[in-house]
């Protein structure tokens, strides 16, 4: 749930530029909230971002990372950043689409052929235009959008090989229209639920399944409460490090550049770590007894989700993106 504005404004009051800080203390501080646990490979990118920024600014910019939603839920972090707080969050395009509809394209089903094409999309001029709109309309600033968390697959109680196998199954999704429409179109019943509630939600029968990328599934032990994983690969989950535009603008120009450069470097480091870890994590999950269907025919799922682009108003956006990157 989105935090009440009054709470966000209260947090804003203790935010970023600390002009009265004691000698030797950081002049600027950024609290980074994330659902990632410290053992998630993408977390290595956040550590690199922290170290890179602090080193290159001689400690004048202090980055503090809060893993496992210990700072705030993703949507709450976004609302705090919108209110001007010195908060950043690793978040998907689907939820940012609430402010700039075109940004949802990054989380749309079966958008990119592979990771290389996904990287081209999030560094395209079209995507840059969306960031400008995000700053103007929502007061948010994308530092970089190259934080790849893997592809999302379906973790279910029964085998899944085609969309009909998902009929009637309640599947957890983030609370964003794009995610809901995607899962509904695949045949399941999309059920918005906080990520921290997924494990117990399945145990208690609130939901039956979840879509998740491999590191996240391993992190919350989805293999303990589901029996099957179908490699539908319906979302290529590229996420962004997003903060308050007011916070970014409070930095000297030199520091703004450093923060953006280190955000890109951190995203690349985390992405590579994720790519390197996936096969090993899937093997470990299989050893626990999880049955993995690696040979899913994705064509029926691609066909089933094709209408999402039209219903979300993303058909023209996709055409613009493809014109630039293909």
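Residue numbers (my numbering): 3 to 328. Built from N, CA and C at the ideal position, the CB exists for glycine as well. A quick note: this is a predicted structure, and the numbers were derived from the prediction, not measured.
- Of the other Cβ atoms in all chains shown, 16 or more fall within 10 Å of the Cβ of residue 146; this residue is therefore buried.
- In the DSSP assignment, residue 94 is bridged to 241.
- Residue burial is scored here from C-beta neighbours: residue 298 has at least 16 other C-beta atoms within 10 angstroms and is therefore classed as buried.
- In the structure shown, the three-state DSSP call for residue 233 is strand.
- Pairwise C-beta distances place the stretch 306-318 out of contact with the stretch 79-94, as fewer than three of them are shorter than 8 Å.
- Burial is judged here by how many other beta carbons sit within 10 angstroms of a residue's own beta carbon; residue 170 has fewer than 16 and is exposed.
- For the pair residue 197 and residue 214, the Cα-to-Cα distance works out to about 10 Å.
- For residue 148, the secondary structure class from DSSP, reduced to helix, strand or coil, is strand.
- Between residue 182 and residue 192, the C-beta gap is smaller than 8 Å, which places the two residues in contact.
- Residue 31 counts as buried, since at least 16 other C-beta atoms from the protein chains shown sit within 10 angstroms of its C-beta.
- When only Cα atoms are considered, residue 259 and residue 324 end up about 28 Å apart.
- With a cutoff of 8 Å on beta-carbon distance, residue 190 and residue 168 are scored as near each other.
- Counting the other CB atoms within 10 Å of its CB gives residue 178 a total of 16 or more, which places it among the buried residues.
- C-alpha of residue 288 to C-alpha of residue 153: approximately 17 Å in a straight line.
- Taken through DSSP and simplified to helix, strand or coil, residue 174 comes out as strand.
- Segment contact: the stretch 52-69 against the stretch 93-113, fewer than three CB-CB distances shorter than 8 Å; contact not assigned.
- For residue 105, the CB contacts under 6 Å within the same chain, skipping 5 residues up- and downstream, are 95, 98, 99 and 132 in chain order.
- Sixteen is the threshold: when 16 or more other Cβ atoms of the shown chains lie within 10 Å of the Cβ of residue 246, as they do, the residue is buried.
- With 16 or more other Cβ atoms from the protein chains shown falling within 10 Å of its own Cβ, residue 264 counts as buried.
- In this structure, the beta-carbon distance from residue 310 to residue 110 falls below 8 Å.
- Per DSSP, the continuous alpha helix (DSSP H) segment holding residue 79 begins and ends at 76-84.
- In this structure, DSSP gives residue 311 a helical state, which the three-state scheme calls helix.
- Residue burial is scored here from C-beta neighbours: residue 187 has at least 16 other C-beta atoms within 10 angstroms and is therefore classed as buried.
- The stretch 263-277 makes contact with the stretch 42-53, as at least three CB pairs between them are under 8 Å.
- Between residue 59 and residue 257, the alpha-carbon positions lie close to 7 Å from each other.
- Excluding five sequence positions before and after residue 163, the CB atoms of its chain that fall closer than 8 Å to its own CB belong to 232, 295, 298 and 299, given in chain order.
- Residue 218 counts as buried, since at least 16 other C-beta atoms from the protein chains shown sit within 10 angstroms of its C-beta.
- Rounded to the nearest whole angstrom, the CA to CA distance from residue 119 to residue 157 is 26 Å.
- With respect to residue 195, residue 174 sits close: the two C-beta atoms are nearer than 8 Å.
- Counting only runs of 4+ residues, the alpha helix (DSSP H) found wholly inside the stretch 115-167 occupies 117-124 and 127-140, in chain order.
- In the three-state reduction of the DSSP assignment, residue 293 falls in the strand class, which pools E and B.
- For residue 51, the enclosing alpha helix (DSSP H) starts and ends at 45-58.
- Rounded to whole angstroms, the separation of the alpha carbons of residue 225 and residue 284 is 10 Å.
- With a 10 Å radius around the Cβ and a threshold of 16 neighbouring Cβ atoms, residue 121 comes out buried.
- Residues 108, 147, 148 and 240 of the same chain have their beta carbon placed closer than 7 Å to that of residue 124, with the five preceding and five following residues left out of the count.
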